[in-house]
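Colleague: I'd like to ask you about the structure that follows.
In the numbering used here, the protein residues as written are 618 to 858.
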């Protein structure tokens, strides 16, 4: 509009120079408009490219999700095929829970130690706390030190049991079995003797020796027929056949 008014104002007395200047200004204004339009076109093109890329990315995401669903289906099929092994694992966990419950009951029925045993109890409790935290080395060393310092303490069978169990968890099966065996040998009347024999049977079964496992389960049933360990040992014997 400003350019039009300028043209009208100059129509009566414009010189050639004025006309040239006006044309130059019109060309400059037109160039600026072309630049603006060019930038707008470039922005539109960039937005279009972005939308296209996002659409492609969404397509790729859907494809990835489809592949993951197929992978999950394959894993479910594998789990179904391994159901027998999973059932065996659940049975073992059940047995360990039952044995642990029996040990808890036995611990609760033990008489409280005298005040003179405070040092021994503190040493045992420290080792047992490490055992519960799954601090293998600290637990093993703690129980070993307890057995060396307090060999006649009433909690020695417990210390031997947890030490053997820690060895089993660490994969030292032979040492664990030897440790469990010491309990019925040295303390046959202790309630943990039945649990120790049962644990040996489980370890033998886990490493593929059902005959040895059967012998230890039978020792539990025969020697400690009224124990909780005997009840689960009978179930394992029926499973072995």
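The beta-carbon is built from N, C-alpha and C at its ideal position, and this holds for glycine as well.
Could you check what DSSP says for residue 761 in three-state terms: helix, strand or coil?
Modeller: Residue state, collapsed to three classes: helix.
Colleague: With distances taken from CA atoms, which of 786, 781, 847 is nearest residue 808?
Modeller: Residue 808 has its Cα closest to that of 847, out of 786, 781, 847.
Colleague: Report the residue from 783, 856, 844, 830 whose alpha carbon sits nearest the alpha carbon of residue 812.
Modeller: Out of 783, 856, 844, 830, 844 has the C-alpha closest to the C-alpha of residue 812.
Colleague: With a cut-off of 8 Å, do at least 3 Cβ pairs link the stretch 796-808 to the stretch 822-829?
Modeller: They do not touch, by the three-pair rule.
Colleague: Which residues in the same chain have their Cβ closer than 6 Å to the Cβ of residue 816, if we skip the five residues on either side of it in sequence?
Modeller: The residues are 797.
Colleague: By the three-class DSSP mapping on this structure, what secondary structure does residue 753 have?
Modeller: Of the three classes helix, strand and coil, the one that applies to residue 753 here is helix, per DSSP.
Colleague: Alpha carbon to alpha carbon, what distance is there between residue 818 and residue 853?
Modeller: Each residue's Cα considered, the two are about 9 Å apart.
Colleague: Under 9 Å, do residue 759 and residue 740 count as touching if we go by C-beta distance?
Modeller: Yes, the pair counts as a contact, with Cβ atoms nearer than the cut-off.
Colleague: Considering only C-alpha positions, which residue in the set 767, 770, 837, 776 is nearest to residue 757?
Modeller: It is 776.
Colleague: For residue 805, which of helix, strand or coil comes out of DSSP?
Modeller: Note: residue 805 maps to coil in three-state DSSP.
Colleague: Can you give the beta carbon distance from residue 830 to residue 857, rounded, assuming they're within the 8 Å contact cut?
Modeller: That belief holds up - the Cβ atoms of residue 830 and residue 857 are roughly 7 Å apart, short of 8 Å.
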